[in-house]
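Laid out in structure tokens, this is it:
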């Protein structure tokens, strides 16, 4: 599970006990989301994988300080972002960052233990609606809902204003909400223009 | 005009709903959202449907692709840090061609290494002879602290950590204490208040478990004649490894204890006839004494002997033997099975038994250090 307290336990096991199993768990936990994030900046899967691996090498080399890191997910994403940007500034890799051009895979499962009213079919529709979001909107939505970052952290990570994050999140919910509303006959289209 | 207001409200609705679901909304915003929902009750369904995003997401289980990525990663780290690959022996299989190539080199390296080791061994042996018995005796230096039945002691370790050693217990540590690890061996029961030092993990070896910590307060009870070995944590984090069972590690939080059966076997042996009702290893919360809410597991430090409702007289007697340095013998096995609870602090053994007699039907005879309990 991706809970911050569980991650803290892994951190402690790595920092204090050089726990190789915990290190592997941490890698498996974050690699699948860090690589697409890096791809969104650097636009090369190969480079992205190398950068994420580099970041995890740093994590191992500095493992004894790891328990001092308060928000490891944010730390990892920031480290990946910084490495990507310094790679891009490298004259050998001149390129432009444009998140809008990148397609983004959404991998998490939305899990609903209590609310039985939401059918598997609706979950599928929600997933489809997310996949249809504009790339920048999808990335912000993913960072908030999948990685659990606060609006402020996402703003810092993507170097945009908190207002931008708010707007993109409203847009995401509007699109997803509208998409499922169309599938639910008993929901009247309150805000449609007619 | 109506449409305009509706559209403005709509945008506000999505903004407030997204904030609420992402736990970013403040009190006034939550109230505003409630108001909008009051005006447009038909939006409630959408809000409910989208609240699925309030739940924790379950990431897709790591697939084989991620596993392969980790394998490549191990290879990359190993180039920088050769020791790293040893942590993951399952990935260390080299390709056939490469291993054949390196086999020759390896054989050479091994022969050279062997010669070097033999030479240095010879050197050490000769050196030791010259410097005499004093030097060889010094290598075996171990500090040892023991307590007799009925007595306790408090010790300070070289790193400043404090240890309270309970009765009939034994703590030893070598002169390499604090060099890489802070290692001690424990037989019996002790309460540790360990000074924080992340660079030098503190390890307690007992016959059944190894306990690894950085800086915490916790209690380890490992008497050979008890049924279980118990590790109880008051502060900080503790790692408990069950011996003979590699990779079974338990991480304990404050107010938790792990109980390991002293008969724990290397592999989970299936015993068809003998029914195993108790699990071999279990994690439980610490128990508080309901009268003064002191923690029972560490009460001995304050000279208290607390026993809980589910303890048998036999188990209580074992604790009394340690506290009072006596021998307790049961004539009637039925009495030994009495379930009792209570606590003693400064009572003598006679006062303690007299107090127990009020609630339970038994008699006792004290003959110096021997106590006989009958019906």
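Residue numbers (the working numbering), protein chains in the order written: chain A, 72 to 265; chain B, 52 to 426. Note that CB positions come from ideal geometry on N, CA and C, so glycine has one too.
Taking the Cβ atoms as the reference, residue 102 (chain A) lies roughly 14 Å from residue 131 (chain A), outside the contact range of under 8 Å. If you draw a 10 Å sphere on the C-beta of residue 139 (chain A), you find fewer than 16 other C-beta atoms in it, and that means exposed. DSSP places residue 133 (chain B) in the helix class (H, G or I) of the three-state scheme. Given a length threshold of 3 residues, each whole run of the beta strand (DSSP E) inside the segment 226–304 of chain B is given here in chain order: 233–244, 253–256, 260–264, 268–273, 279–286, 289–293 and 300–303.
Per DSSP, the beta bridge partners of residue 332 (chain B) are B:311. Looking only at A:157, A:153, A:90 and A:151, the smallest Cα-Cα distance to residue 137 (chain A) is reached by A:90.
Judged by DSSP secondary structure, residue 110 (chain A) falls within the alpha helix (DSSP H) whose first and last residues are 91–113. Inter-segment contact for the segment 382–398 of chain B and the segment 358–368 of chain B is present: three or more beta-carbon pairs are separated by less than 8 Å. Against chain A, a Cβ distance below 8 Å from residue 65 (chain B) picks out 241, 242, 244, 245 and 248. Chain-ordered, the chain B residues with CB closer than 7 Å to the CB of residue 83 (chain A) read 288.
Ranked by Cα distance from residue 99 (chain A), the options B:267, B:91, B:84 and B:121 are led by B:121. A Cβ-Cβ separation of about 5 Å places residue 254 (chain B) in contact with residue 263 (chain B) under the 8 Å criterion. Taking a Cβ-Cβ threshold of 7 Å, the residues of chain A close to residue 138 (chain B) are 91, in chain order.
Counting along the chain, the unbroken alpha helix (DSSP H) around residue 97 (chain B) starts and ends at 95–101. Note that the C-beta distance between residue 236 (chain A) and residue 211 (chain A) is below 8 Å. Within 8 Å of the CB of residue 249 (chain B), the CB atoms of chain A belong to 86, 87, 135 and 138, in sequence order along the chain. Where residue 212 (chain B) is concerned, there is no enclosing alpha helix (DSSP H), because DSSP gives it neither an H nor an E.
Residue 208 (chain A) and residue 215 (chain B) have their C-alpha atoms spaced approximately 59 Å apart. Around the beta carbon of residue 59 (chain B), a 10 Å sphere encloses fewer than 16 other beta carbons of the protein chains shown; the residue is thus reported as exposed. In the DSSP assignment, residue 416 (chain B) forms a beta bridge with B:423. Taking residue 156 (chain A) as reference, the option from A:225, A:112 and A:144 with the minimal CA-CA separation is A:112. Here residue 146 (chain A) carries a helix assignment [DSSP, helix/strand/coil]. Sequence-ordered contacts of the segment 250–280 of chain B with chain A read 250, 252, 263, 264 and 265 [C-beta pairs closer than 9 Å]. In summary, the residues of the segment 194–206 of chain A whose CB is separated from some CB of chain B by less than 8 Å are 194 and 197, in the order they occur in the chain. By the criterion of at least three beta-carbon pairs nearer than 8 Å, the segment 243–253 of chain A is in contact with the segment 58–77 of chain B. Judged by DSSP secondary structure, residue 88 (chain A) falls within the alpha helix (DSSP H) whose first and last residues are 75–88.
The shortest C-alpha to C-alpha distance from residue 260 (chain B) to any of B:244, B:280 and B:276 is the one to B:280. Contact between the segment 122–130 of chain A and the segment 214–232 of chain A is absent: fewer than 3 CB-CB pairs across the two stretches fall below 8 Å. Annotation: residue 356 (chain B) to residue 203 (chain B) spans about 13 Å, alpha carbon to alpha carbon. The Cβ atoms of residue 242 (chain B) and residue 338 (chain B) do not sit closer than 8 Å to each other. For residue 194 (chain B), there is no enclosing alpha helix (DSSP H); the enclosing beta strand (DSSP E) covers residues 193–197. In this structure residue 77 (chain B) is exposed. Its beta-carbon is surrounded by fewer than 16 other beta-carbon atoms within 10 angstroms. In the structure shown, residue 393 (chain B) adopts extended strand secondary structure according to DSSP, grouped into three states.
Taking a contact to require three or more Cβ pairs closer than 8 Å, the segment 401–419 of chain B and the segment 217–237 of chain B do not qualify as touching. Straight-line spacing of the CA atoms in residue 301 (chain B) and residue 416 (chain B) works out to 45 Å.
Contact annotation, residue 378 (chain B) with residue 347 (chain B): C-beta distance approximately 25 Å; criterion of less than 8 Å not satisfied.
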